[in-house]
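The structure appears right after this line, and notes come after that.
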Amino acid sequence: MFSSKFLSKMAQIYQLSKDQENVFILRFGQNNEDREVANIIGISEEAYRKRMGEIYRKFDISGRGPGKNNRLIHILQNHLERENNNFLTLNNNPDSIYFSEMNFHDNEIENIVQQLRLQTKQLIQERCTTMRVLDMSRPVNLEEIYTSTDFLEKITSRRRLNITEILANYHKQDRVAMNPTSADRVTSTEILNRYSKLMLLGKPGAGKTTLLKYTALKCSQGEIFSNAVPIFVTLRQYASSESQPSLVEYINQDLQIHSITDETQIKTILQYGRAILFLDGLDEVKEEDLNRVIEDIREFSDNYYNNRFIITSRLGAQEYVFEKFTEVEIANFQFNQITQFAQRWFGSKPQNVEIFLRKIEENRPIQELATNPLLLTLLCLVFDEYGDFPNNRAELYREGLDVLLKKWDAKRNIERHQIYKNLSMQRKEDLLAKVAFTTFYQGDYFFKKVDLEQYITDYICNLPQANTNKESLQINSEAIIKSIESQHGLFVERAKDIYSFSHLTFQEYLTAREIINDGRQEKLNLLASKINDYRWHDILKLAVSMMRLADDLLILMKEKSDQIITNEPQLQRLMDWVHKKSESASIKEKTQSIRTFYLTLVRAIAQSNSTNLASVLARALVLDLDLYQNQSLNLDLAFDLSHAIEKQANIDLNLDLDLDLSLALEYAQEMADQNLATSLRNLINERPDQFDNNTAWSNWTNHLRQQSINYRNIGHMWELTPLQLELLQQYCKANQLVLECLESDCYIHQSTRQALTNSLFLLVN
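Quick note on numbering: my numbering labels position 19 of the sequence shown as 12, and the sequence is numbered without any gaps.
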């Protein structure tokens, strides 16, 4: 079939291993059958088939059946025909200094490759060594900041899943996260080595260009693909060339500008498959140039098929079909990658790394933004400047939204096609806010494309000069979805025809924006009514911080929190007791904290069992005495006590009964309360072993409880039902939310602030 010399050359070009080369030559050089090749080499037929599968992959041949064999033969025939044409061309050129196929030795090719690698090294260094994005005051060294990226081999938007199946793949604790936990991630190193023709797809700011530059840089330094000449092309610049050169002409012109002038050498390494082409930003090519550029890339990759190609483009952009290329999607950062990036960013300031990562871990909405490398860079810039994140988180989210909507393309001088010209940036934000509110109110984190199109249609039909034709509106709605997805990355197609916002954080921020900008009282009432719905808590905090004057909303929130227990007489009696205990305390400036303290102890006692009730009572007594004796308030200990009970943790890990009783006795003596001190001494002396005599232990625990009531008015068994306990917990969380809003960067009248602070954890008649 083919000569051994020719097949050996092909094996070298396609980087076959020695074992693969042996099979390759026997199969296609002597026309042996599969079984004969396996017998000659001395391997099983199964091992032979596996080795042939590896060879097909090296030639980028996928699929099943006998067609793979024919396709490989076709590729080899094309190579042979090209080699013969080169032979005739070179031998008919008397000025040629190169060798034809018959006398062109491997070392000659190698010399050309190494010479060009040396000449292009400086050019690659100039283009790829540094990066500067957003508001960086100076460029940073790419190698110092680069964080390895993972890939998804299954493009998320092409999965055929329903919304229920998508939700099952997304991590859900206190909020839905927009990063699937079950996605199969592959390292960039593995992907780059596995496929010779790659289309890297990713959301805006996912790190496509950064990865491409880093790979080109490492190639020029000989750390990867050291047998290939790296050629880096920014497709936007190539497309805008006035003379509209072909890609090979543009590469030659570009290299000539940098004193790499021998076109024949460039053509030779391309013909022998010794180049690696980095083609960056196909989505950034202007619409009027796009078809020409795509066709030129197709022709170039067909003519010089045996070179390596890596093309980058945004997800959701126009469908580019390069049949021989493998498409992969850049995955969001995971926390270990966020950590690595932060460590490299803050470099000489390890204390900043620790604080930054702790802040990220503590705040889930910010952590969600950090999964995008561009937004993570923004977070690092903000933290670098202030040493913290702003108290008003809405400002941070607003800036993140601006980065994706406006700044990212503008700072790189990229002009994109405006699909719907009547949709200004302001209107685009209004549209996003309308969709965010509608979907979030319905409880939809993921929504069907047909529903999203309807939301957009309902909005754009009222714009000036809008085409009210139903079919035209539908076409425009679909185009707007693609525009927002590909240009700004705020919509993401999570499965075929199913979308979500890229980050729940943005959906929440835009929902709050829509409610505030609406301005109607009914919208504020609706928002305040969600105080008992944890899903809305971040939106409530955002709305309070975004309002010019937040008095009305905070007053409504306090009213709604009181309504949680208004119809529960037992809980109202409990609140009266809490009020009396807080009023009798000597600390007047922390009234709401003292009320929280006693509510927490009540819940802990109510949820304790016969085994740990004594320990809970003893700790409650110590905390109460500590409050009155030292005029301090140890809320953390109270909360730890309550949480330990709620989680049914081993209470002995947090409480030591003997120690607490001794400490309570010490406090009683310091307060000169002889009756309490005597009672505690007797309790300590009489304490039975709870495991030896359950009756004695129960009697002793009841005695401890009665003495706590007699002397400190704590330890009451309020006999709360499970429903009442749940309502009490909701009431506490609602008041805590109001307190957090008051302590945030909100603007309200001082009189309102004081009145709300005084009424927290207290029923207002």
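Cβ atoms here follow ideal geometry from the backbone N, Cα and C, with glycine treated the same way.
- If you draw a straight line from the Cα of F302 to the Cα of S233, it comes to about 21 Å.
- By the Cβ rule, the region 197 to 214 counts as touching the region 129 to 136, because three or more pairs are nearer than 8 Å.
- In the same chain as S737, and ignoring 5 residues on each side of it, the C-beta atoms closer than 8 Å to its own belong to N384, N385, K534, V537, S538, in chain order.
- Secondary structure of F328 (DSSP, three-state): helix.
- Just so you know, the alpha carbons of I156 and S239 end up roughly 45 Å apart.
- Restricting attention to beta strand (DSSP E) runs no shorter than 3 residues, the region 161 to 232 encloses them at 163 to 165, 169 to 173, 178 to 180, 190 to 195, 222 to 227, ordered along the chain.
- Non-local C-beta neighbours of A363 in its own chain, meaning closer than 8 Å and more than five positions away in sequence, comprise F326, I331, I353, L369, L372, ordered along the chain.
- Put simply, the region 554 to 564 does not touch the region 669 to 689. Fewer than three CB pairs are less than 8 Å apart.
- The C-alpha of R506 is placed about 17 Å away from the C-alpha of D544.
- Using a 10 angstroms sphere on the CB of Q743, the tally of other CB atoms stays under 16, which defines it as exposed.
- Where Y502 is concerned, there is no enclosing beta strand (DSSP E), although the alpha helix (DSSP H) around it starts and stops at 497 to 511.
- Across the set D649, R267, G708, E392, the C-alpha of G708 shows the shortest separation from the C-alpha of Q600.
- Beyond the five residues adjoining it in sequence on each side, L756 comes within less than 6 Å, by CB distance, of D555, M568 in the same chain, given in chain order.
- Annotated three-state conformation of I269 is strand, per DSSP.
- Pairing E322 with L145 gives a Cβ-Cβ distance under 8 Å.
- Cα atoms of E39 and F52: separation of roughly 20 Å, rounded to the nearest angstrom.
- Non-local beta-carbon contacts of T227 in its own chain, meaning distances under 7 Å to residues more than five positions away in sequence, involve D273, G274 in chain order.
- Burial state of V443 is exposed, judged by a 10 Å Cβ sphere holding fewer than 16 other Cβ atoms.
- If you draw a straight line from the Cα of L735 to the Cα of R746, it comes to about 7 Å.
- When the beta-carbon positions are compared, V396 and M550 stay at least 8 Å from each other.
- Of the other Cβ atoms in all chains shown, fewer than 16 fall within 10 Å of the Cβ of A665; this residue is therefore exposed.
- Excluding its 5 nearest sequence neighbours in each direction, L669 has C-beta neighbours in its own chain below 7 Å: A661, Y704, listed in chain order.
- If you compare the alpha carbons of Q107, A199, T432, G35 with that of T140, the shortest gap goes to A199.
- Between I524 and the set L547, Y502, M129, the nearest pair of CA atoms involves L547.
- Between L650 and A611, the gap from beta carbon to beta carbon is short of 8 Å.
- Within the DSSP secondary-structure output, F433 pairs in no beta bridge.
- Around the Cβ of A161, a 10 Å sphere holds fewer than 16 other Cβ atoms; the residue is exposed.
- Minimum Cα-Cα distance from D531 among the listed residues N510, Q514, T504 corresponds to T504.
- When the five nearest sequence neighbours on each side are left out, the beta carbons in the same chain lying within less than 6 Å of the beta carbon of L753 are those of Q585, N728, L732, in order along the chain.
- At a Cβ-Cβ threshold of 8 Å, S150 and D276 do not count as neighbours.
- Note that the C-beta distance between R44 and Q13 is below 8 Å.
- P197 sits close to G482, with the two beta carbons spaced by under 8 Å.
- By the C-beta density criterion, E422 is buried, having at least 16 other C-beta atoms within 10 angstroms.
- A613 and I359 have their C-alpha atoms some 37 Å from each other.
- Taking C-beta atoms as the reference points, E576 and Q622 fail to come closer than 8 Å.
- The three-state secondary structure of T305, taken from DSSP, is strand.
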